[in-house]
Amino acid sequence: MLVSAAFILFTALLASADHGLPHNFAIPSIKSTLTDTHAKVAATKDKLQGPSSFKNTAVPWGASPSSRHGKYPSCSADQQIQIAKAISVAQRYVHSSVTYLKKWKLSGSPLYTRWFGAFDKNRRGLTVLSFSRLRTSLDKWTYECTCTDSKLVVQAHTGQYGIIKVCPGFWSAPAAGDKSAAFAIIREGTRFEQVLGTFNVAHGRSESLAIAMNKPDSAVYSANNHAYFSVDAYLEEPSRVA
(Lines of atoms letter the chains of each structure in order from A; the text may use other names.)
(Lines give C-alpha, C1' and ligand atoms only; values in the text may rest on other atoms or scores of the structure.)
Protein backbone atom coordinates (compact mmCIF):
# COMPACT_ATOMS: atom_id res chain seq x y z
CA MET A 128 0.00 0.00 0.00
CA LEU A 129 2.87 2.34 0.80
CA VAL A 130 4.39 1.52 -2.57
CA SER A 131 1.13 2.41 -4.35
CA ALA A 132 0.87 5.73 -2.52
CA ALA A 133 4.45 6.62 -3.39
CA PHE A 134 3.83 5.76 -7.04
CA ILE A 135 0.69 7.98 -7.16
CA LEU A 136 2.62 10.88 -5.56
CA PHE A 137 5.54 10.49 -8.01
CA THR A 138 3.10 10.45 -10.99
CA ALA A 139 1.44 13.64 -9.73
CA LEU A 140 4.80 15.40 -9.40
CA LEU A 141 5.78 14.45 -12.95
CA ALA A 142 2.49 15.78 -14.29
CA SER A 143 2.93 19.03 -12.40
CA ALA A 144 6.51 19.45 -13.64
CA ASP A 145 5.42 18.76 -17.20
CA HIS A 146 2.87 21.59 -17.08
CA GLY A 147 5.27 24.01 -15.25
CA LEU A 148 8.25 23.79 -17.62
CA PRO A 149 8.43 24.92 -21.24
CA HIS A 150 8.57 22.21 -23.90
CA ASN A 151 12.04 23.32 -25.06
CA PHE A 152 13.54 23.26 -21.55
CA ALA A 153 16.78 21.27 -21.29
CA ILE A 154 18.65 20.40 -18.13
CA PRO A 155 22.16 21.83 -18.53
CA SER A 156 25.04 19.41 -18.62
CA ILE A 157 27.12 19.50 -15.45
CA LYS A 158 30.28 19.01 -17.53
CA SER A 159 29.51 21.91 -19.87
CA THR A 160 28.63 24.18 -16.96
CA LEU A 161 31.93 23.47 -15.23
CA THR A 162 33.81 23.98 -18.49
CA ASP A 163 32.17 27.38 -19.03
CA THR A 164 32.94 28.43 -15.47
CA HIS A 165 36.58 27.37 -15.80
CA ALA A 166 36.88 29.33 -19.05
CA LYS A 167 35.51 32.48 -17.40
CA VAL A 168 37.94 32.16 -14.49
CA ALA A 169 40.87 31.63 -16.86
CA ALA A 170 39.85 34.65 -18.94
CA THR A 171 39.62 36.83 -15.86
CA LYS A 172 43.04 35.62 -14.68
CA ASP A 173 44.56 36.45 -18.06
CA LYS A 174 43.17 39.98 -17.89
CA LEU A 175 44.64 40.52 -14.45
CA GLN A 176 48.10 39.02 -14.88
CA GLY A 177 48.48 38.05 -18.52
CA PRO A 178 48.27 34.58 -20.05
CA SER A 179 49.67 31.88 -17.84
CA SER A 180 52.90 30.24 -18.93
CA PHE A 181 54.56 27.20 -17.43
CA LYS A 182 58.01 28.42 -18.42
CA ASN A 183 57.49 31.61 -16.44
CA THR A 184 56.88 29.64 -13.27
CA ALA A 185 59.91 27.36 -13.51
CA VAL A 186 61.72 29.30 -10.79
CA PRO A 187 59.25 31.14 -8.52
CA TRP A 188 59.99 34.64 -7.25
CA GLY A 189 61.91 34.29 -4.00
CA ALA A 190 63.06 30.75 -4.80
CA SER A 191 66.64 31.63 -3.89
CA PRO A 192 68.53 34.51 -2.26
CA SER A 193 69.64 35.76 -5.67
CA SER A 194 66.05 36.23 -6.88
CA ARG A 195 66.04 39.72 -5.39
CA HIS A 196 68.09 40.69 -8.46
CA GLY A 197 65.26 39.94 -10.87
CA LYS A 198 63.31 36.96 -12.11
CA TYR A 199 65.01 33.98 -13.68
CA PRO A 200 62.64 31.60 -15.50
CA SER A 201 64.25 28.34 -16.59
CA CYS A 202 67.53 29.13 -14.80
CA SER A 203 69.25 26.83 -12.33
CA ALA A 204 70.28 28.06 -8.89
CA ASP A 205 73.92 28.42 -10.01
CA GLN A 206 72.87 30.30 -13.13
CA GLN A 207 70.74 32.66 -11.07
CA ILE A 208 73.72 33.51 -8.89
CA GLN A 209 75.92 34.19 -11.93
CA ILE A 210 73.28 36.42 -13.51
CA ALA A 211 72.81 38.34 -10.26
CA LYS A 212 76.56 39.01 -10.10
CA ALA A 213 76.58 40.32 -13.67
CA ILE A 214 73.63 42.59 -12.90
CA SER A 215 75.49 44.00 -9.89
CA VAL A 216 78.53 44.81 -12.04
CA ALA A 217 76.30 46.40 -14.70
CA GLN A 218 74.63 48.53 -12.04
CA ARG A 219 78.01 49.85 -10.91
CA TYR A 220 78.90 50.74 -14.50
CA VAL A 221 75.58 52.50 -15.04
CA HIS A 222 75.81 54.41 -11.76
CA SER A 223 79.27 55.65 -12.78
CA SER A 224 77.87 56.71 -16.16
CA VAL A 225 75.10 58.83 -14.64
CA THR A 226 77.52 60.43 -12.17
CA TYR A 227 80.01 61.22 -14.94
CA LEU A 228 77.42 62.73 -17.28
CA LYS A 229 75.96 64.92 -14.55
CA LYS A 230 79.45 66.26 -13.86
CA TRP A 231 79.82 67.40 -17.48
CA LYS A 232 76.54 69.24 -17.97
CA LEU A 233 77.63 72.17 -20.09
CA SER A 234 80.56 70.83 -22.04
CA GLY A 235 82.06 67.68 -23.38
CA SER A 236 84.93 65.66 -22.00
CA PRO A 237 87.53 63.36 -23.54
CA LEU A 238 85.47 60.33 -22.50
CA TYR A 239 82.18 61.71 -23.80
CA THR A 240 83.79 62.77 -27.10
CA ARG A 241 85.44 59.38 -27.47
CA TRP A 242 82.15 57.48 -27.52
CA PHE A 243 79.50 60.04 -28.48
CA GLY A 244 81.41 62.58 -30.56
CA ALA A 245 81.29 66.36 -30.45
CA PHE A 246 79.36 67.68 -27.46
CA ASP A 247 75.73 68.60 -28.01
CA LYS A 248 73.33 69.22 -25.13
CA ASN A 249 70.48 67.36 -26.81
CA ARG A 250 72.60 64.28 -27.50
CA ARG A 251 73.98 64.45 -23.98
CA GLY A 252 70.39 64.56 -22.73
CA LEU A 253 69.67 61.29 -24.52
CA THR A 254 72.62 59.56 -22.88
CA VAL A 255 71.58 60.80 -19.43
CA LEU A 256 68.06 59.52 -20.09
CA SER A 257 69.35 56.13 -21.20
CA PHE A 258 71.61 55.50 -18.21
CA SER A 259 69.14 56.93 -15.70
CA ARG A 260 66.49 54.49 -16.90
CA LEU A 261 68.93 51.60 -16.86
CA ARG A 262 69.92 52.41 -13.30
CA THR A 263 66.38 51.85 -12.03
CA SER A 264 65.54 48.89 -14.28
CA LEU A 265 68.33 46.33 -14.48
CA ASP A 266 67.37 44.45 -11.32
CA LYS A 267 63.66 44.51 -12.15
CA TRP A 268 63.83 42.79 -15.52
CA THR A 269 63.28 39.11 -16.25
CA TYR A 270 66.31 37.09 -17.35
CA GLU A 271 65.37 33.92 -19.23
CA CYS A 272 67.83 31.04 -19.62
CA THR A 273 66.22 29.83 -22.84
CA CYS A 274 68.52 31.20 -25.57
CA THR A 275 70.47 28.53 -27.47
CA ASP A 276 72.54 30.73 -29.83
CA SER A 277 76.13 30.00 -28.82
CA LYS A 278 77.36 33.17 -30.55
CA LEU A 279 75.44 35.46 -28.20
CA VAL A 280 75.92 36.51 -24.58
CA VAL A 281 72.50 38.04 -23.95
CA GLN A 282 69.71 39.23 -26.21
CA ALA A 283 66.98 41.77 -25.50
CA HIS A 284 63.44 40.71 -26.34
CA THR A 285 62.68 44.13 -27.84
CA GLY A 286 59.08 43.18 -28.56
CA GLN A 287 58.45 42.66 -24.85
CA TYR A 288 59.96 45.20 -22.51
CA GLY A 289 62.10 43.89 -19.68
CA ILE A 290 62.79 40.42 -21.07
CA ILE A 291 66.49 39.57 -21.44
CA LYS A 292 67.42 36.20 -22.93
CA VAL A 293 70.60 34.76 -21.45
CA CYS A 294 72.59 32.85 -24.07
CA PRO A 295 75.39 30.24 -23.88
CA GLY A 296 78.14 32.86 -24.25
CA PHE A 297 77.08 34.40 -20.97
CA TRP A 298 78.46 31.59 -18.82
CA SER A 299 82.03 31.93 -20.10
CA ALA A 300 82.11 35.74 -20.37
CA PRO A 301 84.57 37.67 -18.15
CA ALA A 302 83.30 39.15 -14.90
CA ALA A 303 84.15 42.72 -15.92
CA GLY A 304 85.29 44.85 -18.84
CA ASP A 305 84.10 45.35 -22.40
CA LYS A 306 83.82 41.61 -23.05
CA SER A 307 81.83 40.93 -19.91
CA ALA A 308 78.27 39.82 -19.33
CA ALA A 309 77.66 43.17 -17.60
CA PHE A 310 78.72 44.99 -20.78
CA ALA A 311 76.29 42.87 -22.79
CA ILE A 312 73.42 43.52 -20.37
CA ILE A 313 73.92 47.28 -20.69
CA ARG A 314 74.22 47.10 -24.46
CA GLU A 315 71.06 45.04 -24.86
CA GLY A 316 69.18 47.01 -22.22
CA THR A 317 69.52 50.23 -24.23
CA ARG A 318 67.71 48.56 -27.12
CA PHE A 319 64.36 48.71 -25.35
CA GLU A 320 62.29 51.65 -26.56
CA GLN A 321 61.44 52.35 -22.92
CA VAL A 322 65.15 52.95 -22.27
CA LEU A 323 66.29 54.60 -25.52
CA GLY A 324 65.81 52.26 -28.47
CA THR A 325 69.38 51.86 -29.72
CA PHE A 326 70.51 49.80 -32.70
CA ASN A 327 73.48 47.82 -34.01
CA VAL A 328 74.96 50.95 -35.54
CA ALA A 329 78.57 49.92 -34.90
CA HIS A 330 80.21 46.57 -34.20
CA GLY A 331 83.30 46.37 -32.03
CA ARG A 332 85.52 49.00 -30.51
CA SER A 333 87.07 50.39 -33.69
CA GLU A 334 83.76 50.92 -35.48
CA SER A 335 82.24 52.50 -32.38
CA LEU A 336 85.12 54.98 -32.08
CA ALA A 337 84.87 55.83 -35.78
CA ILE A 338 81.14 56.47 -35.73
CA ALA A 339 81.49 58.74 -32.69
CA MET A 340 84.04 60.83 -34.56
CA ASN A 341 82.21 60.99 -37.88
CA LYS A 342 78.51 60.56 -37.07
CA PRO A 343 77.72 61.64 -33.50
CA ASP A 344 73.98 61.61 -34.19
CA SER A 345 74.30 57.90 -34.96
CA ALA A 346 76.69 57.22 -32.09
CA VAL A 347 74.13 58.29 -29.51
CA TYR A 348 71.83 55.55 -30.85
CA SER A 349 74.55 52.90 -31.01
CA ALA A 350 74.06 50.16 -28.41
CA ASN A 351 77.77 49.37 -28.28
CA ASN A 352 78.76 53.01 -27.80
CA HIS A 353 76.61 53.22 -24.69
CA ALA A 354 78.15 50.06 -23.26
CA TYR A 355 81.74 51.12 -24.02
CA PHE A 356 81.14 54.52 -22.46
CA SER A 357 79.67 52.93 -19.35
CA VAL A 358 82.62 50.62 -18.74
CA ASP A 359 85.11 53.46 -19.27
CA ALA A 360 83.15 55.82 -17.01
CA TYR A 361 83.54 53.28 -14.22
CA LEU A 362 87.25 52.74 -14.90
CA GLU A 363 87.93 56.48 -14.99
CA GLU A 364 86.41 57.25 -11.61
CA PRO A 365 89.00 59.06 -9.45
CA SER A 366 89.11 56.24 -6.91
CA ARG A 367 90.23 53.80 -9.61
CA VAL A 368 92.50 56.13 -11.60
CA ALA A 369 94.50 57.28 -8.56
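All you need for the working numbering is the position in the sequence shown, starting with 1, plus 127. Glycine residues also receive a C-beta, built at the ideal position from the N, C-alpha and C atoms.
Asked                                                                                                                                                                  : Found
Go to E271, then tell me how far its beta strand (DSSP E) extends in each direction, as first and last residue.                                                        : 269-271
Restricting to runs no shorter than 3 residues, where is the beta strand (DSSP E) found entirely within the segment 211-285?                                           : 269-271, 281-283
By how many angstroms is the C-alpha of S277 removed from the C-alpha of V255?                                                                                         : 33 Å
What separation, rounded to the nearest whole angstrom, lies between the Cα atoms of S223 and Y361?                                                                    : 5 Å
Do D305 and V358 come within 8 Å of each other at the CB atom, strictly closer than that value?                                                                        : yes
Below 8 Å CB to CB, which residues in the same chain sit around D247 once its five sequence neighbours on both sides are set aside?                                    : P343
Which residue wins for smallest C-alpha separation from L253, given the options Y348, P365, Y355?                                                                      : Y348
Can you give the Cα-Cα distance for G316 and A337, rounded to whole angstroms?                                                                                         : 23 Å
If S215 sits next to H353, beta carbons under 8 Å apart, how far is it from one beta carbon to the other, in whole angstroms?                                          : Not quite, the Cβ-Cβ distance comes to about 19 Å (not below 8 Å), so this is no contact.
Express the C-alpha separation of L261 and E271 in angstroms, rounding to a whole number.                                                                              : 18 Å
Assess, as a yes-or-no matter, whether the segment 319-331 is touched by the segment 288-305 under the definition of 3 or more beta carbon pairs within less than 8 Å. : yes
Determine, using beta carbons only, whether A309 and A213 come nearer to each other than 8 Å.                                                                          : yes
So what does V293 bridge to, in DSSP terms?                                                                                                                            : V281
Measure the alpha-carbon distance for Y199 versus V281 and round it to whole angstroms.                                                                                : 13 Å
Do you know offhand how far R241's Cα is from C294's?                                                                                                                  : 30 Å
Is the beta carbon of G296 less than 8 Å from the beta carbon of L323?                                                                                                 : no
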